[in-house]
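Remarks on the structure that follows.
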Amino acid sequence: MSLLIKGVQVVDGTGKDPYKGDVLIQGGLVSSIGEIRGRKADQVMEGLGHYLTPGFIDIHARSDSSLSLFDNPEQEGFVRQGVLNIIGGQHGFSLAPLVYGNVESVRRWSDGSGFNINWRSVKEFLGELKRFNLGINFGTFAGYCGVRFDVTSGRKGLEKKEADVIHKVLKDAIKEGAFGISFDLERCGSKELKEVAALTAQSGGVVLVKLDTPSGEYVKAIKEIINISKLTRAKIVVEGLEPLKGSMKEFREALDLVKDALEKKIDVRLVLQPHTVTEVHIREYLPKALRSLENKEALKKLKEAKYKLAAKRNWQDMDFRNVWVVSAPKHHFLAGKSVVDIANNWGVDYIEAMFHLIEISELHAVIARDNLSQSLLRGAIAEDAVFVTANLDGTRMGGGVVVNEMARDAFPHYFRTVIGEGLMSIEDAVAKVTSVPAKYFKIPGRGLIEEGTPADLVLLGKEDYEIKEVILRGRVFGEKRLEGEILKRSKY
């Protein structure tokens, strides 16, 4: 099957200026680039002068923890916005490696009823994924906290022999293609982060750190992470350091520290979404002391007076008009309703409504909140020290799930913002979400339009930056079922 794309402006991901030309695809690969005449193709697409770019890369996807990889393998929420490469295994938890062959830690986040596994290692997991005919390219980080939980059964202390087991499992995971190790700083602590950073630096991967700290402690936390990176020479990407409304000064200071560190060759970066709505599992609203517990234990403890009081203090300043339910397994009628709506329907105050929502969802609800500063996001997403994410979990529309339309338009919104406001050129904006993450995370064969590379391409509107067409391995989205590939970290 061959496809000829005519009359486009090729933005090849290298950072070079766009150039006019045609692109011929044969056998799923880019065969020829330039002025192509007299070559026949099975299908011809008129590019109409739009930009042709490599498929975008999102290094912070949650499609595995939501289990949407399995019940929605097409992942159209990503594909429709030009994202053809995603990396899962976020927040310190991943579907592999598994020490004892179960995913109890993942069931904290997803209902997971009826979900079974037949793998333990990253190699086995990625092999099993091929059976699901994914419509997107997928790779994973190895989750440190999930492995730690398996080995210690959730115990806080960590013995040396246990640490040795965990480190071996994670080293093997990177050898088998994981792009690095994800880590939840709140759950697993800075001492263990330092050990993980050293291990990852030796293995050549990246550490993805979830920062879940009050905005007033941003500067302290980022200084600690920068120091760990300096001592271990690890590449560390931080997620969760966000420009919250009302905390913009703290974010600016922390971002400046990251930029300054990068100039000094200390490789710490951030990952940010370009839109203002954040989605989190409702367990993130628990008092800090309960977040590391299993769901049943956390729900039991929350009924105790001291934890109930702590929760009320955490929630007392929240604007519940801007907090709504994205999904609540077994209680689909709640999806799309704000906490204010729920409170009014149940005849309780807003805080009591939160307690009810936590209880009936068994901590599996997902909550959305419009809580980020758009003005700060505009500038931040153009910084060299920042990777761009849609912050999407890949869940299919409908079925008791309210779609975050901002997240499904994140990458076009990114282009409209940074190019439309003169913050970046089209060639630099494209490189930032293609070749730059491909090189940084060692994603082979992606991020560039070159002869011989996989034909994973996006036709991007030359004026409105809307997605006109998406092509994966030469197949046009909407015309044929897309066939993604498993991504593994390159050793080089």
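The sequence shown begins at 716 in the numbering used here and counts up one residue at a time. We put the CB at the ideal spot given by N, CA and C, even for glycine. Keep in mind it's a predicted model, so treat the numbers as computed, not measured.
Endpoints, beta strand (DSSP E) assigned at residue i
{"i": "Leu744", "result": "744-749"}
{"i": "Gln917", "result": "No beta strand (DSSP E) holds Gln917; the alpha helix (DSSP H) holding it covers 905-918."}
{"i": "Ser717", "result": "717-725"}
{"i": "Tyr1000", "result": "Element bounds for Tyr1000: n/a, residue is neither H nor E."}
{"i": "Ser1088", "result": "Looking at the DSSP string, Ser1088 is not in any beta strand (DSSP E), and its letter there is neither H nor E."}
{"i": "Ile1039", "result": "For the sequence presented, residue 1039 should be read as Trp rather than Ile. Note, Trp1039: beta strand (DSSP E), 1038-1042."}
{"i": "Arg754", "result": "Arg754 -> no beta strand (DSSP E), and no H or E assigned at all."}
{"i": "Arg984", "result": "983-987"}
{"i": "Asp950", "result": "The sequence given here places Lys at residue 950; Asp does not occur at that position. Run containing Lys950: 950-954, per the beta strand (DSSP E) assignment."}
{"i": "Glu1184", "result": "1182-1187"}
8 Å CB neighbourhood of residue i in its chain, flanking five on each side removed
{"i": "Arg1123", "result": "Gly792, Arg795, Gln796, Ala1105, Leu1107"}
{"i": "Glu891", "result": "Ser836, Val837, Lys838, Leu841, Lys1203"}
{"i": "Glu1136", "result": "Arg1093"}
{"i": "Asp757", "result": "Met716, Ser717, Leu718"}
{"i": "Tyr1000", "result": "Ala1026, Asn1029, Trp1030, Met1069, Ile1073, Ile1082"}
Local conformation of residue i per DSSP, three classes
{"i": "Val1063", "result": "coil"}
{"i": "Pro1127", "result": "helix"}
{"i": "Glu761", "result": "strand"}
{"i": "Ser783", "result": "helix"}
{"i": "Leu977", "result": "helix"}
{"i": "Ser930", "result": "helix"}
{"i": "Asp1034", "result": "coil"}
{"i": "Asp773", "result": "strand"}
{"i": "Phe1102", "result": "strand"}
{"i": "Leu844", "result": "helix"}
{"i": "Val798", "result": "strand"}
{"i": "Ile832", "result": "coil"}
{"i": "Val1133", "result": "helix"}
{"i": "Leu959", "result": "strand"}
{"i": "Ile1075", "result": "helix"}
{"i": "Val837", "result": "helix"}
{"i": "Arg1028", "result": "helix"}
{"i": "Arg902", "result": "helix"}
Sequence-distant residues of the same chain with beta carbon closer than 6 Å to residue i, five excluded per side
{"i": "Asp927", "result": "Glu901, Gly955"}
{"i": "Arg984", "result": "Val952, Ala1100"}
{"i": "Gly749", "result": "Gly736"}
{"i": "Val1117", "result": "Val1041, Ala1050, Gly1051"}
{"i": "Val759", "result": "Leu719"}
{"i": "Leu946", "result": "none"}
{"i": "Lys672", "result": "There is no way to answer for residue 672, as the model of the chain reaches only from 716 to 1207."}
{"i": "Phe1192", "result": "Val794, Val1185"}
Where the alpha helix (DSSP H) through residue i begins and ends
{"i": "His882", "result": "875-890"}
{"i": "Pro1152", "result": "1150-1155"}
{"i": "Ile940", "result": "933-947"}
{"i": "Glu1012", "result": "1010-1017"}
{"i": "Glu1142", "result": "1141-1147"}
Residues that DSSP places opposite residue i in a beta bridge
{"i": "Val803", "result": "Note on residue identity: the sequence assigns Gly, not Val, to residue 803. BP columns for Gly803 point to Thr855."}
{"i": "Tyr734", "result": "Val725"}
{"i": "Tyr766", "result": "Gln724, Leu1175"}
{"i": "Pro1169", "result": "Leu744"}
{"i": "Arg863", "result": "In the DSSP output, where bridge partners are listed per residue, Arg863 has none listed."}
{"i": "Gly895", "result": "Val921"}
{"i": "Thr1110", "result": "Paired residues: none, contrary to the question."}
{"i": "Thr993", "result": "Arg1084"}
{"i": "Ser1053", "result": "Trp1039"}
{"i": "Leu1163", "result": "Leu1163 is not bridged to any residue."}
{"i": "Val1116", "result": "Ser1042"}
{"i": "Leu739", "result": "Leu719, Ser747"}
{"i": "Val814", "result": "Answer is none; Val814 lacks a bridge partner."}
Beta-carbon proximity list for residue i, same chain, < 7 Å, skipping 5 on both sides
{"i": "Ala1025", "result": "Pro1002"}
{"i": "Ile740", "result": "Ser717, Leu718, Ser746, Ala1170, Gly1189"}
{"i": "Pro958", "result": "Phe966, Leu1087, Ser1088, Leu1091, Leu1092, Ala1095"}
{"i": "Gly762", "result": "Ile720, Lys721, Gly722, Val723, Leu1174"}
{"i": "Lys974", "result": "Glu1098, Ala1100"}
{"i": "Val1038", "result": "Ser1053, Val1054, Ile1082, Arg1084"}
{"i": "Leu1005", "result": "Ala1013, Lys1016, Leu1017, Tyr1022"}
Point to revise | Three CB pairs or more closer than 8 Å across the segment 802-816 and the segment 1173-1189 | key: no
Exercise for review: Evaluate the contact criterion for the segment 1148-1155 versus the segment 842-852: three or more CB pairs, one atom per stretch, below 8 Å.
Suggested key: no
**Study point:** Segment contact, 8 Å Cβ cut-off, at least three pairs: the segment 1159-1166 with the segment 726-737
**Key:** yes
**Study point:** Meets three-Cβ-pair contact criterion under 8 Å: the segment 922-941 and the segment 961-979
**Key:** yes
Check your understanding: Counting Cβ pairs closer than 8 Å, one from the segment 762-774 and one from the segment 1069-1087, do we hit at least three?
Key -> no
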